[in-house]
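Read the structure below first, then the notes.
Protein chains: 2
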Amino acid sequence: MIEVFKTTTVEQMEADSDRLHETAEKLGIDTWQDRVKKQTPHCGFGEKGVCCRICSMGPCRITPKSPKGICGATADTIAGRNYLRMVAAGASAHSDHGRECVHKLYDASEDGYYHVTDSAKLLKLAEEWGVPTEGRDLYDIARDVARIGLGEYGKIEGVQNFLSRATEERRKVWKEQEIEPRAIDREVVTAMHMTHMGCTADPEALVRQSLRTGLADGWGGSMAGTEISDILYGTPMPRETEGNLGVLDKDMVNIICHGHDPAVSEMIVLVAESREMQEYARSCGAKGINIAGLCCTANEIAMRHGIKMVGNFLQQENALLTGVVEAIVVDVQCIFPNIGPLAECFHTKFFTTSPIARIPKSEYLELTSHNARDVALKIVRDACENYKNRDESKIFIPEHKHKAAVGYSCEGIKSRLDAVTNSFVDTLDTYKPLIECIKSGVLRGAVAMVGCNNPKVRPDYSHIEIMKRLLENDIIVVATGCAAQAASKAGLLDKRAKVFCGEGLRRVCTLADIPPVLHMGSCVDISRMMLLVTGIAKDWGIDTTQLPAVGCAPEWMSEKAVSIANYVVATGIDVYLGIDPLVSGSEKMMELITQGTRQMVGAGYTINTDPEQLVKAMIDGIEAKRAALGI
Amino acid sequence: MIEVFKTTTVEQMEADSDRLHETAEKLGIDTWQDRVKKQTPHCGFGEKGVCCRICSMGPCRITPKSPKGICGATADTIAGRNYLRMVAAGASAHSDHGRECVHKLYDASEDGYYHVTDSAKLLKLAEEWGVPTEGRDLYDIARDVARIGLGEYGKIEGVQNFLSRATEERRKVWKEQEIEPRAIDREVVTAMHMTHMGCTADPEALVRQSLRTGLADGWGGSMAGTEISDILYGTPMPRETEGNLGVLDKDMVNIICHGHDPAVSEMIVLVAESREMQEYARSCGAKGINIAGLCCTANEIAMRHGIKMVGNFLQQENALLTGVVEAIVVDVQCIFPNIGPLAECFHTKFFTTSPIARIPKSEYLELTSHNARDVALKIVRDACENYKNRDESKIFIPEHKHKAAVGYSCEGIKSRLDAVTNSFVDTLDTYKPLIECIKSGVLRGAVAMVGCNNPKVRPDYSHIEIMKRLLENDIIVVATGCAAQAASKAGLLDKRAKVFCGEGLRRVCTLADIPPVLHMGSCVDISRMMLLVTGIAKDWGIDTTQLPAVGCAPEWMSEKAVSIANYVVATGIDVYLGIDPLVSGSEKMMELITQGTRQMVGAGYTINTDPEQLVKAMIDGIEAKRAALGI
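Same order as they appear, the protein sequences are chains A and B.
Using this note's numbering, the first residue of the first sequence is number 1, and each one after it goes up by one.
Using this note's numbering, the first residue of the second sequence is number 1001, and each one after it goes up by one.
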């Protein structure tokens, strides 16, 4: 079967960016492309992780002639401490996002702004956590669950509740290695204390705490974020939407939701889709309201509502440069401070909504459980009224966009697997059909593509090239965050993209009616991936570390990614990085993160900035896992 | 009255260091003096706070030609985020130290290794926190208090309990400014999240969170550290000891306790002072065991047991270079990683005891509530057995040492004030006699001298010169941490040092039988200073910010100091810094920390690296406060 389906190439995306950059130049505003030029070359000490700013005796920098900082810290110590601090910051960001979700659940009520949407998931979690459910009001149960959830951040004894979801072997490893995370916030504070001047200097201890702090994120805060978001806003199930800049609509009021916590974007979507607001938009001269997501917010609202996706991290300035964005609403994380001055070059209104992300040149409307609808109404109304203020001379919307199938939560994936199961013979709601495909070699394995995009490499290129090579090799891809967005922009979330697959994977895509890259959500949803590999391992009867599955962050940028990499490795899954983790100035640290953790938890990093070599290493890694399993 | 009393000058201290450095040179080992030379000049971007390493797109550095990082972060944003992260790390270190103290209280029992020593203080705290006491076992009360104490780190609602101790005006300011700290760990995580890539870019919001995180330390974790240490090990009361390198004894087994948490050093002192161990030392050929403290551990055990003090932060290598140290035992914070290789040049055994401070080339013996005495016994025994391994050719003990009166906790200060009170007329247990001295002008005011020493300036020189100038001007000095140690080394804790005072202060010293510099403890004990100014303000009937009292950290080095500076300012006390707070690359940040916080909380920083100018500014500040009070 020959299907005429073409992806959007990175060259095409770059041409779109170049055209939009012309607008920026005309307006005299800089974009990341300009700033990268001015910031290159970067400081080699920082890139190698051997710059220490942890006390005011310094900064100190390690060179062959000055091999120690003033306190005596070596390159190993300095790089190790910097690395653990990245994890601490990343875990803080993810987990605090999770905490906000739990707070929303705590505040949820029948007549409030936030509701329980997936009551089955709530009841399941209540059961898991020992909250009585029988004959009780749903919102009373929700509050009890939320109290326990909030307690996970600060409880004075015990380890994370979600650890009990892992395979028995994993739990044993975590216990033996003394990396079971206690209260989430405490692990961050421990990390910050250990890295304080005059505390831990031993890189192995720093790496161990990195794993533990990462686990507090992945099997703590992030998992809470995902779980509670599903309860509040619904567990994502497969649905269709579109991605890339072409989703912006010249005749509509365009509102961009950017950030991470769905509490804001959910409310914007709800309000914007109301008849009242659609009519208001028409009264303002537009055909209606077009909500579009950016970054992980795109993932959240696409997964649950089929909202269109403008793109990923490095697309945020492009979106505004189209000149058709009436409002950009942000919550937390990955928001360029440059959005402020850039929005000022257009009619675009820039709304910040969280005390965690206060940004100059924005209008700040703190969104809480108690005013959420009012804030959302004001934003949507302001956006409608702003439609008339567009400057036609500044408008250019690139045409590229693709269909995108999204919504592949674990439940979503299982629903597709159930569809190919003979319900008379097989058990439903398991990963067994997928395991059979892997065992038989129809699928060779799976890769979780995650992480940001980053001008340190050619943005999106690594994502897209690696995915294509994996698909050719019958390796199915699951993706989250900006990796999922890269796939969306390129067209790899279009079911027709199966044409790029090897025969085995193509057949699986056809039978299960899925695209070859499964969109699993936002960056906190990498916790879904942990539950996916755990579920597969359990159904298979092996440990996660034995699976022919690996993680890959070819263009990671944020500290969250370092936290993620740590919990993925701690879960026994090898991680392939396309960006150096900023410790190359320490041989010992490089050895620890690439080899040392394999002794501790059975997995480690492979680092290669060349996507060709990185994907080759991944395929080899998957084949080696297969060989070890005898399949 | 002419008394023949001379201080030890900085020149003399430096001569001692130079002589010890000759040993280091002979042994081919570097010390901080060598490393400073190799690390100078420091990176200007780091020093100015305009180097951003918060994501892997960078590092980015701000220059006139590249005024924004790749994300668009300006110098204001970058410096502000770096600043808040310093506070987060400092608050983590202090507060986690406090948490360990609370854990020890939780584990305390009649027949365990840790006991309640100040039961009155425990009962007072129990009452403050609503723990029933009547007819209950002391250790049951202790456990209940400890549970609440541990809860302060992670509680899911409410603000810090200790805030209720502040003046009414302060509490109002904190509420209005929205800087009341919630759970301690949560404030750290909030700070780390706010400073994550793409979150808060507004420097004012970053400064506000710095104040809040600082308050979580000073009126949370640090206050817990002090309070619970007093309960466990006794509230310090005035006593005499000695300070400086001359306290090391050639004929004794010298054991140095270095770090912060008294849990380790208390146990070492207890064991070393036992008849059994003293005899063991003699059986090993020594005259006995000489415990000496370094850094804040010195302060802790000097305040409670009169243990001698070797000196402060930059003295740690000197101590080992004497060649007479059989063992150095450390817990957490401010420990040079260079202690490892340096100890190897001697017979000195280097013991680490905390998972928070794992240091290469040490023997690690984790000390817990359940093995504390065994670990201490092993260390003391090993030290005794190590006496015979000294290399005579490497020995040099500088002779300088001074008497030092220590133990001026709030209770200790009040006990001295009670002694000058007419018990027939006046109320006891108040600060009223002190207030009268200040009102009448016999004392002009008070300065809290705190913080580390730092080779960025001439170490100890600023401390000592500033203290002397203050004393001349009838300004009483209270000191903690390495500032107190500087005073001890110089002789300013000797009661005879009143000869350096103006007439008014000299008379007060004579009447109250105190030295002119009152040693209030370790760096967590700056919480004592907060209670001191609060107590004085309450007895006076004014707010803390009105008092003619300021704080000064002329040579601060660690991130803890930045956290401290924030809570001192938030408490309404101006802070004078002799080391730049690493934000000078941002005009806005400089404006915020020197002026902006005065609008928020009524106090701010004055920064001057010249001690002469700094002390002048302080005296002017104190006189201005007096004028405003009309005294």
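For each residue, glycine too, the CB sits at the ideal point set by N, CA and C.
| Query | Result |
| --- | --- |
| Bridge-paired residues (DSSP) for residue 364(A) | 352(A) |
| Residue-level contact to chain C via CB, residue 1539(B), 7 Å cutoff | No chain C is present in this structure, whose protein chains are A and B. |
| CA-to-CA distance, residue 1189(B) to residue 621(A), given in whole angstroms | 36 Å |
| Coarse secondary structure for residue 1011(B), derived from DSSP in three states | helix |
| Any chain A beta carbon closer than 7 Å to residue 1337(B) | yes |
| Three or more C-beta pairs below 8 Å linking the stretch 75-91 of chain A and the stretch 207-222 of chain A | yes |
| Residues that DSSP places opposite residue 1402(B) in a beta bridge | 1243(B) |
| DSSP bridge partner residues for residue 1289(B) (one or two, in chain order) | 1253(B) |
| Contact set for residue 1119(B): own chain, Cβ-Cβ below 7 Å, skip 5 residues either direction | 1138 |
| Secondary structure of residue 606(A), DSSP reduced to three states | strand |
| Between the CA atoms of residue 1131(B) and residue 1167(B) - distance to the nearest angstrom | 23 Å |
| Residue 1429(B) versus residue 49(A) - alpha carbon distance | 54 Å |
| Residue 1057(B) versus 299(A), 37(A), 106(A), residue with shortest Cα-Cα distance | 37(A) |
| Neighbour list for residue 463(A) in chain B, Cβ cutoff strictly below 7 Å | By Cβ distance, chain B contributes nothing, its closest Cβ being about 15 Å from residue 463(A), past 7 Å. |
| Beta-carbon neighbours of residue 454(A), restricted to chain B and to distances below 8 Å | 1056, 1057 |
| Range of the contiguous alpha helix (DSSP H) that encloses residue 326(A) | First-last for residue 326(A): 325-330, but that is the beta strand (DSSP E), not the alpha helix (DSSP H). |
| Alpha carbon of residue 1609(B) to alpha carbon of residue 556(A), nearest angstrom | 41 Å |
| Chain B within 7 Å of residue 18(A), Cβ atoms only | no |
| Closest Cα partner of residue 457(A) within the set 618(A), 579(A), 215(A) | 579(A) |
| Nearest neighbour of residue 51(A), chosen from 7(A), 227(A), 69(A) [CA to CA] | 69(A) |
| Nearest-angstrom Cα separation, counted from residue 1282(B) out to residue 1275(B) | 11 Å |
| Chain B contact for residue 333(A) (CB, 7 Å cutoff) | yes |
| Residues that residue 1199(B) contacts on chain A, provided the C-beta gap is smaller than 9 Å | 93, 332, 333, 334, 335, 354, 356, 357, 358, 359 |
| Rounded Cβ spacing between residue 479(A) and residue 240(A) (contact assumed at less than 8 Å) | Not a contact, Cβ separation roughly 16 Å. |
| Coil, strand or helix - residue 496(A) by DSSP | helix |
| Neighbourhood of residue 615(A) by C-beta, 6 Å cutoff - its chain only, sequence neighbours within 5 removed | 466, 469 |
| Three-pair Cβ contact test at 8 Å for the stretch 1107-1114 of chain B versus the stretch 370-386 of chain A | no |
| CB contact below 7 Å: residue 319(A) versus chain B | no |
| Cutoff 6 Å; reference residue 477(A); Cβ partners in own chain excluding five residues on either side | 447, 449, 467, 470, 517 |
| Contact set between residue 1039(B) and chain A, taken where Cβ atoms lie within less than 9 Å | 57, 58, 59, 60, 61, 66, 68, 69, 70 |
| For residue 274(A), three-class secondary structure by DSSP | coil |
| Among 1009(B), 1210(B), 1410(B), 1397(B), the one whose alpha carbon lies nearest that of residue 1569(B) | 1210(B) |
| Rounded Cβ spacing between residue 154(A) and residue 1185(B) (contact assumed at less than 8 Å) | 6 Å |
| 6 Å CB neighbourhood of residue 1407(B) in its chain, flanking five on each side removed | 1236, 1237, 1238, 1239, 1303 |
| Interface flag, residue 460(A) vs chain B, CB-CB below 7 Å | no |
| 7 Å Cβ cut-off: residues of chain A touching residue 1042(B) | 58, 59 |
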